[in-house]
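Residue numbers (our numbering), protein chains in the order written: chain A, 1 to 241; chain B, 1001 to 1241. Even for Gly, the Cβ is constructed at its ideal location relative to N, Cα and C. As structure tokens, the structure follows; a few thoughts come after it.
Number of protein chains: 2
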Amino acid sequence: MSNPTAAMLVIGDEILSGRTRDANMYHLAGRLTEMGIDLKEVRVVSDEDSEIVGAVNGLRGKFDHVFTSGGIGPTHDDITADNVAAAFGVPIGPREDAIAILATNYANGRDDINAARMRMARIPEGAVLIDNPISKAPGFSIGNVHVMAGVPKIFEVMLDGLLAKLTGGDPVVSETVRLHIPEGDVAGPLGEIASAFPAVSIGSYPFSNAEGYGTNIVMRGTDLALVAQAAGKVRVVFDAE
Amino acid sequence: MSNPTAAMLVIGDEILSGRTRDANMYHLAGRLTEMGIDLKEVRVVSDEDSEIVGAVNGLRGKFDHVFTSGGIGPTHDDITADNVAAAFGVPIGPREDAIAILATNYANGRDDINAARMRMARIPEGAVLIDNPISKAPGFSIGNVHVMAGVPKIFEVMLDGLLAKLTGGDPVVSETVRLHIPEGDVAGPLGEIASAFPAVSIGSYPFSNAEGYGTNIVMRGTDLALVAQAAGKVRVVFDAE
Chain A
1 MSNPTAAMLV
11 IGDEILSGRT
21 RDANMYHLAG
31 RLTEMGIDLK
41 EVRVVSDEDS
51 EIVGAVNGLR
61 GKFDHVFTSG
71 GIGPTHDDIT
81 ADNVAAAFGV
91 PIGPREDAIA
101 ILATNYANGR
111 DDINAARMRM
121 ARIPEGAVLI
131 DNPISKAPGF
141 SIGNVHVMAG
151 VPKIFEVMLD
161 GLLAKLTGGD
171 PVVSETVRLH
181 IPEGDVAGPL
191 GEIASAFPAV
201 SIGSYPFSNA
211 EGYGTNIVMR
221 GTDLALVAQA
231 AGKVRVVFDA
241 E
Chain B
1001 MSNPTAAMLV
1011 IGDEILSGRT
1021 RDANMYHLAG
1031 RLTEMGIDLK
1041 EVRVVSDEDS
1051 EIVGAVNGLR
1061 GKFDHVFTSG
1071 GIGPTHDDIT
1081 ADNVAAAFGV
1091 PIGPREDAIA
1101 ILATNYANGR
1111 DDINAARMRM
1121 ARIPEGAVLI
1131 DNPISKAPGF
1141 SIGNVHVMAG
1151 VPKIFEVMLD
1161 GLLAKLTGGD
1171 PVVSETVRLH
1181 IPEGDVAGPL
1191 GEIASAFPAV
1201 SIGSYPFSNA
1211 EGYGTNIVMR
1221 GTDLALVAQA
1231 AGKVRVVFDA
1241 E
């Protein structure tokens, strides 16, 4: 059986404007690889209703899981939850359990939940909450869409809780062989090795340093023995260590 | 008149697997913002023909420019050029001018261009070359799609040459006001300011440090005076410096 698939949707004008460098994509990619969920696509879209709805619906129909990051805070530009609800065609409103959780974050409990903060307790109908041990405001899963915060520390801790509940697949293992050979001289024989190991994904990444041009060959797959065999073949063919 | 729009398409199993942290998106976002081209979407797709063709066609119809990164080297996993040609429905093959440029990279000129390297001289019909002063293998523009290398140093230098030939818009300027106030207390009044300045995009980004919770308010827009006016209003309303 093949591994579950996933997409990530980053809601982020601050990424698209170049103000902030995304950190969540790199983190999510590593975590999913470890547990055998194949991240197949990432989209970064702007903070516009139609863009978010379109991306949620495009991705949730195509992949087993969609992980979103960003846009679930208390301010006017936090529009992710509303648009996820719209994508699913369900109502959204403040939910009692979310309000109770949120209240634990403030000195005066519910009395400190002003109208803006109440926005963070608005949950689409039918969703399941995702814990946020840091600032309490929960994320949520609805169908196969998992909605999390954009602040990296909070994204990461929400993801920890969420992934513990998801079923992974066969972890993808990888092995890298570093060749001090330019990519153009590697390419021909490497293509033949790739053809001989169809179940191993073989990537080739050129580098250059003071010693000249070289190429990292990365073997990836769920069958540890096959990955090792392909790496061994690369070492023999290119006379590498 | 509104600014030209753009999307980025990253072809990158190595990003999706978490092996490599993308650097080109952040660089491109900053450069485009400087010259008034609005980056509206980024997609990262896997090294699969149908995914690349689908993304190229989806994005080129929607935005004024599409910038791609990755997948134009000599190895079996470099399939971007073929798929861009397929997306446009045009033939692709080695082109004389591209071969001549490529030859300048090798000690023995054309004699060093083996079958794998010849792949890097394959250019879709009707495309215009993009210079690569580092490793010579050119990128290309076809229609509104600009195809560049994934290695950051090479992506950046290709982009330099390309952007010099594109027409920008009004540069987007931004101003940040740092508030030592939690986002939930900022949200209400900030929403009113945002409504009063519809031509200014106002984003709110929470942070926490040893001193407690705070919020960065970022005003962005093409009208310097309006951006400054909105920032001034934020300072007054929140009693900030």
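Suppose you measure from the CA of residue i to the CA of residue j; what does that come to, to the nearest Å?
i	j	result
B:S1046	A:G232	25 Å
B:G1161	B:I1130	7 Å
A:Y213	A:P206	7 Å
A:D49	A:I79	7 Å
B:G1061	B:T1215	37 Å
A:L224	A:I217	16 Å
B:H1076	B:A1085	17 Å
A:R110	B:N1209	24 Å
B:L1059	A:R43	12 Å
A:I134	B:G1070	37 Å
B:D1097	B:F1063	29 Å
B:P1138	B:Y1106	14 Å
A:L190	A:R235	11 Å
A:I101	A:M118	11 Å
A:N83	A:V53	6 Å
A:V227	A:S195	14 Å
A:E156	A:P94	24 Å
B:R1031	B:E1211	34 Å
A:N108	B:S1201	33 Å
B:N1114	B:T1104	14 Å
B:M1025	A:F140	28 Å
A:G12	B:G1012	20 Å
Going by C-alpha to C-alpha distance, which of the options sits closest to residue i?
i	options	result
A:T33	B:T1020, B:I1099, B:H1027, B:E1211	B:T1020
A:N144	A:M8, A:V66, A:S204	A:V66
B:N1003	B:L1226, B:P1171, B:A1115	B:P1171
A:D112	B:G1191, B:D1112, B:P1152, B:G1184	B:G1184
B:A1081	B:V1056, B:D1064, B:E1175	B:V1056
A:A23	A:N83, A:V10, A:A107	A:V10
A:P257	A:H27, A:L190, A:E96, A:A6	What is shown of chain A runs 1 to 241, which leaves residue 257 of chain A out entirely.
A:P124	A:I142, A:E175, A:T176, A:A230	A:I142
B:A1029	A:S17, A:K40, A:R31	A:S17
A:K136	A:A127, A:L166, A:L190, A:P74	A:P74
B:G1036	B:L1166, B:V1090, B:N1108, B:Y1106	B:L1166
A:A116	B:G1188, B:A1115, B:L1226, B:I1134	B:G1188
A:E41	A:M8, A:G12, A:S201	A:M8
B:I1072	B:S1201, B:N1132, B:A1103	B:N1132
Less than 8 Å separating the beta-carbons of residue i and residue j?
i	j	result
A:I99	A:A121	yes
A:A149	A:M158	yes
A:F238	A:I181	yes
A:G221	A:A199	yes
A:A87	A:D38	no
A:E192	A:M219	no
B:L1179	B:V1186	yes
A:A240	A:F197	no
Based on the DSSP secondary-structure assignment, which residues constitute the bridge partners of residue i?
i	result
A:R178	A:N216
B:G1221	B:V1173
B:G1139	B:I1130
B:Y1205	B:N1216
B:P1124	B:I1092
B:E1156	In the DSSP output, where bridge partners are listed per residue, B:E1156 has none listed.
A:M148	A:S69
A:R43	A:L9, B:R1043
B:D1038	B:T1005
So, under 8 Å CB-CB, residue i and residue j are touching, yes? Tell me the CB distance rounded to an integer number of Å.
i	j	result
B:G1203	A:E14	6 Å
B:G1126	B:V1090	6 Å
B:T1068	B:V1147	5 Å
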